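Participant: At position 211 of the sequence shown the residue is numbered 211 (full-length UniProt numbering), and the sequence of numbers has no breaks.
C-beta atoms are modelled at their ideal positions from N, C-alpha and C, and glycine is treated no differently.
Since the model is a prediction, treat every value here as computed from it, not as a measurement.
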Amino acid sequence: MLAAAQLWLPFQEFVFMRRALLGGLMLACSTAPLGVFLILRRMSLIGDAVAHGILPGAALGFWFAGLSLPALTLGGLGAGLSMAGLAAWITRRTGLREDASLAAIYPISLAAGVLILGMAGKRLDLLHLLFGSALAVDGPTLTGMLWVSAASLAAMALIYRPLLLDTLDPLFLQTVSRLGPLAHGVFLTLVVLNLVIGFQAIGALMVVGLMMLPAAASRFWSRRLPMLIGVAALLGCLSVWLGLLLSFYLSLPSGPAIVLVAGASYLLSVVFGPVHGLLRRPPLLTSQ
1 MLAAAQLWLP
11 FQEFVFMRRA
21 LLGGLMLACS
31 TAPLGVFLIL
41 RRMSLIGDAV
51 AHGILPGAAL
61 GFWFAGLSLP
71 ALTLGGLGAG
81 LSMAGLAAWI
91 TRRTGLREDA
101 SLAAIYPISL
111 AAGVLILGMA
121 GKRLDLLHLL
131 FGSALAVDGP
141 TLTGMLWVSA
151 ASLAAMALIY
161 RPLLLDTLDP
171 LFLQTVSRLG
181 PLAHGVFLTL
191 VVLNLVIGFQ
201 AIGALMVVGL
211 MMLPAAASRF
221 WSRRLPMLIG
231 VAALLGCLSV
241 WLGLLLSFYL
251 SLPSGPAIVL
261 VAGASYLLSV
271 VFGPVHGLLR
281 RPPLLTSQ
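#1: Does DSSP classify residue 278 as helix, strand or coil?
#2: Does DSSP put residue 196 in a helix, a strand or coil?
#3: State whether the stretch 151-166 contacts the stretch 63-83, with contact taken as three or more CB pairs (one from each stretch) at a distance under 8 Å.
#4: Taking just the CA atoms, how far does residue 181 sit from residue 149?
#5: When you compare the stretch 266-273 with the stretch 208-218, are there three or more beta-carbon pairs, one atom per stretch, that lie closer than 8 Å?
#6: What span of residues does the alpha helix (DSSP H) with residue 289 cover, start to end?
#7: My parser needs the beta strand (DSSP E) runs of 3 or more residues fully inside the stretch 154-180; what are they?
#8: Tell me the rounded alpha-carbon separation between residue 46 and residue 73.
#9: Determine the direct distance from the alpha carbon of residue 31 to that of residue 211, and round the result to whole angstroms.
#10: Would you mind reading off the limits of the alpha helix (DSSP H) that contains residue 48?
#11: Excluding the five sequence neighbours on either side, which residues of its own chain have a C-beta within less than 8 Å of the C-beta of residue 38, listed in chain order?
#12: Is it the case that the stretch 99-116 contacts the stretch 46-61, given that we only count it when at least three CB pairs across the two stretches are under 8 Å?
#13: In this structure, how does DSSP classify residue 11 when only helix, strand and coil are distinguished?
#14: Given a threshold of 16 other Cβ atoms within 10 Å of its Cβ, counted over all protein chains shown, does residue 183 qualify as buried or as exposed?
#15: Could you give the DSSP three-state label for residue 99: helix, strand or coil?
#16: Leaving out the 5 sequence neighbours to the left and right, which residues in its chain are closer than 7 Å to residue 240 when beta-carbon positions are compared?
#17: Could you tell me if residue 198 is buried or exposed, where buried requires 16 or more neighbouring beta carbons within 10 angstroms of its beta carbon?
#18: How about residue 144 and residue 220: do their beta carbons lie closer than 8 Å?
#19: What's the gap between the Cα of residue 81 and the Cα of residue 260?
#20: When the Cα of residue 176 is compared with those of 161, 89 and 185, which residue comes out closest?
#21: Once you ignore the five residues that flank residue 265 on each side, which residues in its own chain have a CB closer than 8 Å to its CB?
#22: Count the other C-beta atoms from every protein chain shown that fall within 10 angstroms of the C-beta of residue 227, then say buried if there are 16 or more, exposed otherwise.
#23: DSSP three-state label for residue 57, please.
#24: Specify, as a first and last residue, the run of the alpha helix (DSSP H) that residue 82 falls within.
#25: Going by beta carbon distance, what residues of the same chain come within less than 6 Å of residue 91, once the five residues before and after it are set aside?
#26: Three-state secondary structure (DSSP) at residue 18?
#27: Helix or strand or just coil, what does DSSP make of residue 206?
#28: Distance, Cα to Cα, residue 41 vs residue 170?
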């Protein structure tokens with residue numbers, strides 16, 4: 001009875017824990033479909049590249065306005081979209097794969113962000129931008145997370161069908177509609193927007209884990225896309241809840257604790273998942 005009460009007690013007693021939980025749950029639900037589609041479109045590493053790419057814009061916003069939600073959001077969003085747009089332009093002009101373009105650009109963006117913070121004389125605050133703190137989510141940040149999550153889910157519902165066709169059969173979509181590039185552009189914008197709002201809670205590096213690990217784990221539990229999204233959202237929410245409890249009771253950083261729980265769910269899915277899990281694979285035939 002006592003153990004069960006401990007699962008809810010921190011959220012009942014402390015406002016900052018409730019804010020962190022609510023913001024994290026909304027973020028997990030909005031990043032779940034994005035992570036699933038990133039994997040299906042073989043763009044898994046783009047989230048990590050864009051997360052690094054938003055750092056210069058966030059650093060500029062931090063330099064001019066401090067820890068201001070609008071400044072960090074606008075700066076990070078502008079830098080992330082610029083990076084994604086530059087990578088797409090290089091791909092169209094040169095034929096280089098988009099993931100290769102992003103892989104080449106994001107170290108430049110990361111270095112630029114570090115240098116900007118260094119020039120501002122605020123090197124120590126780099127840790128806040130990279131790793132964040134879910135327990136430091138205030139009222140304005142929580143409101144921004146709720147708005148972004150709601151808008152992201154609504155936008156994904158609108159572009160779901162063209163995005164699905166563009167993912168599975170882009171040539172067919174080109175013959176029946178011209179919505180493919182628009183859906184792709186909206187999709188990338190949502191990825192950047194969720195990374196920007198998420199890095200203020202659990203950090204630029206940690207939010208990628210919350211986006212990709214539950215999505216990757218869901219592949220071991222179903223083959224149906226709606227089920228993949230639902231499982232990814234569920235695993236993300238469980239990771240937020242258990243990660244915050246782990247952070248509270250063991251005095252650990254909240255962002256890494258959430259991602260480590262998500263990583264544990266991925267490893268368990270690899271082993272026990274009914275779809276291609278290690279324990280569910282048929283035994284290899286051996287010669288006698």
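Facilitator: Here's the rundown:
#1: coil
#2: helix
#3: no
#4: 23 Å
#5: yes
#6: Nothing in the structure corresponds to residue 289, since the chain is present only between 1 and 288.
#7: none
#8: 19 Å
#9: 5 Å
#10: 46-53
#11: 44, 46, 47, 191, 211, 212 and 215
#12: yes
#13: helix
#14: buried
#15: helix
#16: 21, 24, 25, 28 and 258
#17: buried
#18: no
#19: 28 Å
#20: 161
#21: 213, 214, 217, 235, 238 and 239
#22: exposed
#23: helix
#24: 69-94
#25: 98 and 101
#26: helix
#27: helix
#28: 11 Å
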